[in-house]
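As structure tokens, the structure follows; a few thoughts come after it.
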Amino acid sequence: MASVSTRIEKLRKQYPKSTSAVLPALRLAQEEHGGWLPPEALREVADALDLTPAYCLSIASFYDQLRLEPVGRTLVEVCTNVSCALSGAQQVVEAFERELGLEAGTTADDGSFTLGTVECLGGCGWATVVAIDNRHRLRVQADDVPAIVQELRA
Amino acid sequence: MSELVAVTVDDRQIDVPKGTGLVEAALAAGIEIPVFCYEPRLGPPVGACRMCLVEIEGIPKLQAGCTLTVQDGMVIRTAATSPKAAEGQEATLEFILVNHPLDCPVCDKGGECPLQDLAFRYGPGNTRMTLPKLTVDKPIPVSPLIALDRERCILCYRCTRFSEDVAEDGQLIARNRGARTEIATFEDEPYRSPFSGNVIELCPVGALTSTLYRFEARPWDIQNVPTVCTGCPVGCNVSVTIREGKVKRILSRNHPEIDRGWLCDKGRFTYPHLRAEDRVTAPLRRGPKGLEEITWDAALDDAEEMLREAGDAVVTALSGSETTEIAYALGRLLRGGLGAHSAVMPEATSNALEAFRLPLSAIGEAEIVVVVGDDPIVERAPIVDLWVREATRRGAEVVVCSPTGDLSTEPGGAAALCHELAGSRKALGRKLRAAERAILIWSGPGGGGGARLAELAHALGLEDKPGSGAFHLPATANPFGVAAAWAASADADEANPEPFELLIVSGDGAAADPSVRLLAEQAERTIVVTMFHELVGGWADLILPATAALERDGTTLNVEGRVQRVRRAVLPPCPDELAWIAKLAARFDVELPPQATGVFQELARHLFRDLSLDEIGLKAPLPARHPYQVPEPATTPSSALPTFSDEHYVGALRLQRYRALFSGPAVERVPQLDFQRPRPEVELASVDAERRGIAAGDAVLVRSNGTSVELRARVSRRLVEGVARIAEEHAADLHAAVEVVKAQ
Amino acid sequence: MPEHPQIVFAGTDGGALTRIEDYESAGGFAPLRKARSMAPDDVIAELEASGLRGRGGAFFPTGRKWAFVPKPDQLPKPHYLVVNADESEPGTFKDREIMLRVPFRFLEGCLIAAHAIQSEYVFVYIRGEYELEFEVLRDSLEAMRKADLLGGVTVVLHRGAGAYICGEETALLESLEGKRGQPRTKPPFPAIAGLYAAPTAVNNVESITTVTSVLALGAGEYAKLGVEGSTGTRVFSLSGDVVNPGNYELPHGITLRELIYDVGGGLPGGRELKAVIPGGSSTSVLTAADIDTKLDFTSLVEVGSSIGSAGVIVIDDRCCMVQLGIRVSQFYEHESCGKCTPCRVGTRWLTQILEKIEDGRASQPDLDLLLSVCDRILGKCLCPLGDSDAIAVLSYVDKFRDEYQAHIELGRCPLEGDSSLEGILAPSAMHRRQAHEVAHV
Ligand SMILES: Cc1cc2nc3c(=O)[nH]c(=O)nc-3n(C[C@H](O)[C@H](O)[C@H](O)COP(=O)(O)O)c2cc1C
Ligand code: SF4
Ligand code: FES
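Chains as they are written, first to last, in the working numbering: chain S, 17 to 170; chain V, 770 to 1513; chain L, 388 to 828.
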């Protein structure tokens, strides 16, 4: 696997102006650093794109998918916007809280899971939508949760 | 005269030039539209705060006035005549105040706060916000100089726009989104930019405040004195806040052609040196028991005696930061009174550049800017750096030819480069020739004080192009004025007495200069005029207390050739130079006025065509260009430094010393500025670092026969090969050729 | 629904056309060839004639938008086509299905549009949460490159990173330039100074995909579908309390009743229809009384709402309208970019007041304050995001005043904990909860 900076260099070439590569670069750096962006990751991206770490922080902190705190090995995000909410999203959230022994918005001490709620994932017709490591599970109901968690633990 | 458009603001008809901003147009009609985020100096408007909402005939929605330029026939209604606009303004103000702590009584901004004023004028008077406000830890230090109170912040983004779009340092940023947005720096790193202090003045509320000014004064018990900064040759216009005879802060006093209302942190924050621990306030004489305080009469007797003994065997070391009047008075005393014509200046200057005069603001409009010389502009004349950035933003081609620049040039190679550019062989030279608005800048030592640059400018025919010009950026505040005054003070030629007996050191700049120390060793005796005991305690025979620029009246001649007035903001703790020089001069039958105005009148006759102080006024005009006069030819070879034949020879590197902006006796006496001072580093080209097995951040030893210093290595992609760059204050007395090795 | 003509989804009969040869044999790429054989201006004229209007929410005529883009000789800068695939409007999930089922028709539309505005650069800004959709587009694009269909046009798939505001066209451009996704003031409009300050057209995925169909059918044929002022079909996203939620491509002008009952199978358990949000959460709510409203631009304006993104959310009688207000307001509070004051401060304030009402702590003045804060947001913001919150909340109070009143008079929620939105945990509330916990320790 090529080094982060060389891969960012490639991203950069896609765009007429190199600053446009900052989002893809931050996404990439986040993958490389276990799902979040520690300060050194921001420094890396800054170096590769001739930006300042502070600039990269201002960008990263604007977008929900870019994280500035450590995140569990598995990321579980339940959509609780109106359509999912009407279809029992809160019961799904609580089911995950029970099964994972985690309060939504927190990460397990052993770093295994992070549980959270998110705004509309664009799957309102297939409620409730649950994003697991950014892959969407559709039509999830509270009863499905134990099985899902088991599968994830395995 | 540009085309006019007719607009109506609150029923008032007015004609303004096409493209005028709506806010400005209203002002021209005598109507103030309140704004927070709007600040034209920060670039295009952002329309963020919504304070400026106005109604425009034909547009259903309220518009952010600050984002619009007026069109012919536009009918604008502000809160004054439009209930809708008034409601919009009220709404914005209420929203701004919803989370505001309303802690005006303990806020530095109180009394001079746009938010306070607008709340007073348009505010609801009571708050309808009964629910929990957003609260955060406060205040937090953004740097040792600046404190941030996030609860007071109204998120106008002025500070972050300054950082990103004006200083372009990318240090001060907005973090997070929506209601959780806040101003921040990276991690706990300080906002480290030579221009950081400007955000304090830009902040329309008390969110960003000066740690030096916090709780120091209230607007109603201060006075402001208009003067000019003498931190560098730019001479930014400033206003000095005084309370109980003490300097409390320094603010900009926008001169659109010079500084556009920006200051560097050196100019803004160095004033505490006036009250330095080791400030000399009375004359001191070296006696059997070391230095002892003496009366002024005794001091003048001593001085007279020393001068009479030395006769013309005197050398005067000038700082280049004296007022023109002081330099002239010294000249009259020493040259007129004793025939002691010999003076040393930190740097040469050349009149030849007077043929290429331009306001600094012209740099912003240039098509092409070529910078030559060894030092980054920001270290010598920081505000010029902002003008050059402006030029880049406006699409100008900016080429920096230096050891660290775009077109990497050997140290000391600038003169040779100028010579090349004058010829038609170099493409860059041809571009310069073709451009209507071409700017040349010499930033660094050597080059006959801009003489080589003047030759280039002349070869390119810039004197005939009103939009083109050339600037030499000297290392001190008033070398042009000092040199001119010294020259004008007598009509005999300079003569160098060999050997000489007496060295007179005028000011701290000279006193801190290593080469002046060497002179002192050759001299029988030394008289030093200085502010600081520590600087000279070891070697001066007679110490006369100096005043600071903030304590002086007089004039300076800035980098553009503009005569500006320095005004006394606070009384000095000692008689000022002109007073005692006049007394001493009288003992040599030289008649001198004892205060600046008198001296100025006399030298204005010689130098400035009888220019009067009134003509200079508060915002000095730029005098016309002079005809080009061929400068002195180069005496020293273009590159005085040793050269090494084999480039792969892993031996000596050329030492390149540079004088950092944040250095010198005054800066060293302000602890809050320490974080801005150059770090103990040596900058190496990556190739040179590799060859020596040195990585960035390594501790290294820099040696030259005998002496050696330990520094951290800074590895640079840009620095030219074969050079070791070290800030003056860390270079100790290393020689021109050094060897750099990893420290064990 | 087969009995309705499928334009966007033509040739899929319920499935997907994700293999280039299948798409080609279903008539794919003929429209592209046709367009390339036409002068750019004629393509634009064809679009104008079709009456196609933007599907992203603003319903702006697509042809006219392109006509605003200066010709390269008028403004000699690179021209850009930017496709808005940031679909984040609550209740809307159509673009996603379009990209999954007819990726080639979508990409073909991009190339046709690029030809029309004479651009050699297409940026597809796809919301970061759409992983699968991104992969499908990436592979389809690769297939088209291999098949040498791109004709010298560079197509870049640019992934967002989670910010609803980046769906607003100028915020999208900022984000695409590598900045914080905060809207710009207009003028200048993107057509003149868009991406990198160069002429730019920004279009929605469904709009662009429909462009292909318009060229396939011809403007005349296409215009026959739908109703006056709202020609053609629309992919309606149906969700909420309905038996058969999902995306349905139907002609403009069918009624809410047809959509919810005939197509959607009605409400589960025979429950009662209480409210309908017709065009994504940013649009005014309707009630059961509006059930025969036609789903087209003018008809919805007539009942005081808007077709928006055609995301239809069905709400039954279990739902507390104050809780709906809270949840919707929490969304806008969370998504506000923080640039302009009324939106940044007002959306949070609305949430707080609504929570007070739901908790039964509110008195009459609080309800007045709620409405007044809505008014003070409305029309004062830099972009429509803040307005959307105010519009939505105002409509809830307007249509369900008694229910809001009841909260104040009873000092509690009349549904007493049985609301279908009871206790729903929004991200913004989650953040606040965490923040407080931090504060405690
Ligand atoms: C807050 C906000 C969010 C928006 N989100 C989207 C979106 O997710 N997708 C979209 O296509 N348009 C969205 N829009 C509309 C766009 O600004 C723009 O009008 C549209 O993409 C133009 O494409 P069209 O003319 O094809 O509809 C949004 C507008 C606003 C104000
Ligand atoms: S700190 Fe001051 S200048 Fe910066 S955003 Fe806040 S109010 Fe504006
Ligand atoms: S001054 Fe116009 S929006 Fe801030």
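Glycine included, each C-beta is placed from N, C-alpha and C at the ideal position.
Practice task
Round the Cβ separation of residue 1395 of chain V and residue 1124 of chain V to the nearest angstrom and send it over; I've been treating them as touching at under 8 Å.
Solution key: 6 Å
Handout entry: Residues within the stretch 117–133 of chain S neighbouring chain L, beta-carbon criterion of under 9 Å
Key = 119, 120, 121, 122, 132, 133
Problem - Three-state secondary structure (DSSP) of residue 1090 of chain V - result: coil
Handout entry: Neighbour list for residue 723 of chain L in chain V, Cβ cutoff strictly below 8 Å
Key = 946, 947, 948
Problem - Reference residue 467 of chain L; option with closest CA among L:509, L:484, L:494 - result: L:509
Practice task
Mind reading off the beta-carbon distance from residue 502 of chain L to residue 423 of chain L? Whole number of angstroms is fine, and I expect it under 8 Å.
Solution key: 6 Å
Practice task
Give a yes or no on whether the minimum CB-CB distance between residue 30 of chain S and chain L is below 7 Å.
Solution key: yes
Practice task
Compare the C-beta of residue 78 of chain S against all C-beta atoms of chain L and say whether one is closer than 7 Å.
Solution key: yes
Problem - Among V:1513, V:1498, V:1492, V:1512, nearest to residue 1506 of chain V - alpha-carbon criterion - result: V:1492
Problem - Cα-Cα separation, residue 1487 of chain V to residue 1456 of chain V - result: 11 Å
Problem - Enclosing alpha helix (DSSP H) for residue 1308 of chain V [first to last residue] - result: Residue 1308 of chain V -> no alpha helix (DSSP H), and no H or E assigned at all.
Exercise for the section: Output yes if chain S places a C-beta closer than 7 Å to the C-beta of residue 954 of chain V; else output no. Expected result: yes
Exercise for the section: Work out the CA separation of residue 760 of chain L and residue 795 of chain L for me, nearest whole Å. Expected result: 18 Å
Handout entry: Residue nearest to residue 601 of chain L in terms of C-alpha spacing, selected from L:496, L:614, L:547, L:578
Key = L:496
Exercise for the section: Name the one or two DSSP bridge partners that residue 1048 of chain V has. Expected result: V:1301
Exercise for the section: Using three-state DSSP, classify residue 1062 of chain V as helix, strand or coil. Expected result: strand
Practice task
Answer with yes or no whether the minimum CB distance from residue 165 of chain S to chain L is below 7 Å.
Solution key: no
Handout entry: beta-carbon residue 640 of chain L near ligand 1 non-hydrogen atom, thresh 6 Å
Key = no
Practice task
Using three-state DSSP, classify residue 992 of chain V as helix, strand or coil.
Solution key: strand
Exercise for the section: Could you check the C-alpha separation between residue 435 of chain L and residue 449 of chain L for me, to the nearest Å? Expected result: 7 Å
Exercise for the section: Provide the residue span of the beta strand (DSSP E) that contains residue 969 of chain V, from first to last. Expected result: Run containing residue 969 of chain V: none in the beta strand (DSSP E); it sits in the alpha helix (DSSP H), 967–971.
Handout entry: Simplified DSSP state of residue 1417 of chain V, which is helix, strand or coil
Key = Note that residue 1417 of chain V scores a pLDDT of 40, beneath 50, so its modelled location is shaky and nothing firm can be said.
Practice task
For residue 583 of chain L, decide whether its Cβ has a neighbour in chain S, counting only Cβ atoms nearer than 7 Å.
Solution key: yes
Handout entry: chain V within 7 Å of residue 814 of chain L, Cβ atoms only
Key = no
Problem - Residue-chain proximity (residue 1511 of chain V, chain L), Cβ-Cβ < 7 Å - result: no
Exercise for the section: In angstroms with no decimal places, state the Cα-to-Cα distance between residue 782 of chain L and residue 506 of chain L. Expected result: 42 Å
Practice task
Between the Cα of residue 808 of chain V and those of V:1341, V:927, V:1383, V:1236, spot the shortest distance and give me the residue it belongs to.
Solution key: V:927
Handout entry: Separation of residue 888 of chain V from residue 799 of chain V, as counted between CA atoms
Key = 21 Å
Practice task
Can you say whether residue 940 of chain V is buried or exposed, counting buried as having 16 or more other CB atoms within 10 angstroms of its CB?
Solution key: buried
Practice task
Take residue 1439 of chain V as the anchor and find which of V:1074, V:1040, V:1275 has the nearest alpha-carbon.
Solution key: V:1040
Handout entry: Inter-residue Cα distance where the pair is residue 139 of chain S and residue 481 of chain L
Key = 9 Å
Exercise for the section: Using a Cβ cut-off of 9 Å, pull out every chain V residue sitting near residue 720 of chain L, in sequence order please. Expected result: 947, 948
Problem - Residue-level contact to chain V via CB, residue 70 of chain S, 7 Å cutoff - result: yes
Exercise for the section: Mark residue 222 of chain S as exposed unless 16 or more other C-beta atoms lie within 10 angstroms of its C-beta, in which case mark it buried. Expected result: There is no way to answer for residue 222 of chain S, as the model of chain S reaches only from 17 to 170.
Practice task
Decide if the stretch 1001–1015 of chain V is in contact with the stretch 944–962 of chain V; the criterion is three or more beta carbon pairs, one per stretch, under 8 Å apart.
Solution key: no
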